Amino acid sequence: MFVAPTPPKVAITPLPPTKDPAFVTPLPSTNIANAALLASQPGDVFVPARWPYAVAHLCEQFNPLVTLFPAVQHYGSCGCWDRGRADSCRNALTHVYCSVSGCPYEGKCGNGLEESPKVFLGLNVRTRQLGVVAAEDIGRRPEKPAYPVCAAINAEGMGGFMRFLNHSCKPAAEFKEVSNRRRKTVVVATTRKIKRGDEVTVDYGGDLWFVCRCMQDGCHHRSIQDEQDP
Numbered sequence: 001m002f003v004a005p006t007p008p009k010v011a012i013t014p015l016p017p018t019k020d021p022a023f024v025t026p027l028p029s030t031n032i033a034n035a036a037l038l039a040s041q042p043g044d045v046f047v048p049a050r051w052p053y054a055v056a057h058l059c060e061q062f063n064p065l066v067t068l069f070p071a072v073q074h075y076g077s078c079g080c081w082d083r084g085r086a087d088s089c090r091n092a093l094t095h096v097y098c099s100v101s102g103c104p105y106e107g108k109c110g111n112g113l114e115e116s117p118k119v120f121l122g123l124n125v126r127t128r129q130l131g132v133v134a135a136e137d138i139g140r141r142p143e144k145p146a147y148p149v150c151a152a153i154n155a156e157g158m159g160g161f162m163r164f165l166n167h168s169c170k171p172a173a174e175f176k177e178v179s180n181r182r183r184k185t186v187v188v189a190t191t192r193k194i195k196r197g198d199e200v201t202v203d204y205g206g207d208l209w210f211v212c213r214c215m216q217d218g219c220h221h222r223s224i225q226d227e228q229d230p
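FYI, full-length UniProt numbering numbers position 40 of the sequence shown as 40, with every residue one higher than the one before it.
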């Protein structure tokens, strides 16, 4: 689920793809430069792309194992007077997303769970890689208190826009966990203003399963650009 720019704050570290070390072939040194060219960089141009046929497009919560999470106390309706003000929404301030039963706008608000129309799936003209791109200018969401969360997301065969978010050491958004009673989900919220046409990126964290070549100031792997991927 992709939401911009409102939900509360929690960072999630995606799990790396599983690989058998016995079958991992080291990249030739000549391919290191090619790997750098495939990394998204500021100023890249994107064109609208079709959704991959092998990936089911999820537009709502999906819990096939019917996993039960610890209950989160709900305090009734948030009582909001403006559907776009997550910075003053009582639910948002307590890391609870709005739903039909707890919002004057039945969850159709800035703190609800809906894919944002402000982004689209794009193809990087230079790298030919998919990414999430801003269809219009997106503002920065207000800061909220954070709390630690450990979660794993399997998006191999299905997912929403969030599945295609690429890594950057200077990201434009971050993962957040929000709850409503026994339901939990992860959303993406902007951390700075994003201009139309810019790629929406997140920071996967310091323990990456590849050598980052984002070319940003403060890159996690700025000192090991000549090394191969693990």
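Glycine residues also receive a C-beta, built at the ideal position from the N, C-alpha and C atoms. Please read all numbers here as calculations on a predicted model, not as lab measurements.
> So, is Val-202 buried or exposed, given that buried needs 16 or more other C-beta atoms within 10 angstroms?
Replying inline: Numbered from 1 along the sequence shown, position 202 holds the residue referred to as residue 202. Classification for Val-202: buried.
>> Using a Cβ-Cβ cutoff of less than 6 Å, which residues in the same chain neighbour Cys-219 once the five nearest sequence positions on both sides are dropped?
In response: Taking the sequence shown and counting its residues from 1, the one referred to as residue 219 is at position 219. Counting only Cβ-Cβ distances below 6 Å, and skipping sequence neighbours, we find Cys-169 and Cys-212.
>> Between which residues of its own chain and Gly-112 is the CB-CB distance below 6 Å, once the five residues before and five after are set aside?
In response: Against the sequence shown, residue 112 aligns to sequence position 112. Answer for Gly-112: Cys-98, listed in chain order.
> In terms of residue numbering, what span does the beta strand (DSSP E) encompassing Asn-91 cover?
Replying inline: One-based indexing of the sequence shown puts residue 91 at position 91. Careful: Asn-91 lies outside any beta strand (DSSP E), inside the alpha helix (DSSP H) at 90 to 93.
> If you run the structure through DSSP and keep just helix, strand and coil, what is Ser-168?
Replying inline: Locating residue 168 in the sequence shown gives position 168, where the first residue counts as 1. DSSP places Ser-168 in coil when its eight states are reduced to three.
> How many angstroms separate the CA atom of Cys-214 from the CA atom of Leu-58?
Replying inline: Walking along the sequence shown from the start, residue 214 turns up at place 214. Walking along the sequence shown from the start, residue 58 turns up at place 58. Spanning the two alpha carbons is a distance of roughly 28 Å.
>> Using the three-state DSSP reduction, which class does Phe-161 fall into: helix, strand or coil?
In response: If you number the sequence shown from 1, residue 161 lands on position 161. Here Phe-161 sits in helix by DSSP.
>> So Asn-180 and Val-96 are supposed to be a Cβ contact under 8 Å. How far apart are they, rounded?
In response: For the purposes of this step, residue 180 is identified with residue 180 of the sequence shown, where counting begins at 1. For the purposes of this step, residue 96 is identified with residue 96 of the sequence shown, where counting begins at 1. Indeed, because the Cβ distance is near 6 Å, the residues count as touching under 8 Å.
>> DSSP three-state label for Ser-101, please.
In response: Here residue 101 refers to the residue found at position 101 of the sequence shown. Ser-101: helix per DSSP, three-state reduction.
>> Tell me the rounded alpha-carbon separation between Ala-146 and Phe-210.
In response: Position 146 of the sequence shown holds residue 146. Position 210 of the sequence shown holds residue 210. Model confidence at Ala-146 stands at a pLDDT of 43, short of 50, so the residue's coordinates are unreliable; what they give is reported in the following sentence. Straight-line Cα distance between these residues: approximately 27 Å.
> How long is the line joining the alpha carbons of Ala-71 and Val-125, rounded to whole angstroms?
Replying inline: Against the sequence shown, residue 71 aligns to sequence position 71. Against the sequence shown, residue 125 aligns to sequence position 125. For Ala-71 and Val-125, the distance between alpha carbons rounds to 45 Å.
> Relative to the alpha-carbon of Met-162, which residue among Pro-171, Val-66, Gly-131 and Arg-182 has its alpha-carbon at the smallest distance?
Replying inline: The residue you call residue 162 lines up with position 162 of the sequence shown. When only C-alpha atoms are compared, the closest one is Gly-131.
> When you compare each of Arg-182, Pro-52 and Phe-175 to Pro-191 by their alpha carbons, which one comes out closest?
Replying inline: Working through the sequence shown from its first residue, we reach residue 191 at position 191. According to the sequence provided, residue 191 is Thr. The question's Pro does not apply to it. Out of Arg-182, Pro-52 and Phe-175, Phe-175 has the C-alpha closest to the C-alpha of Thr-191.
>> Can you look up Ile-181 in the DSSP assignment and give me helix, strand or coil?
In response: Here the question's residue 181 lines up with position 181 in the sequence shown. Ile is not the amino acid found at residue 181; the sequence shown has Arg there. If DSSP states are grouped into helix, strand and coil, Arg-181 belongs with the strands.
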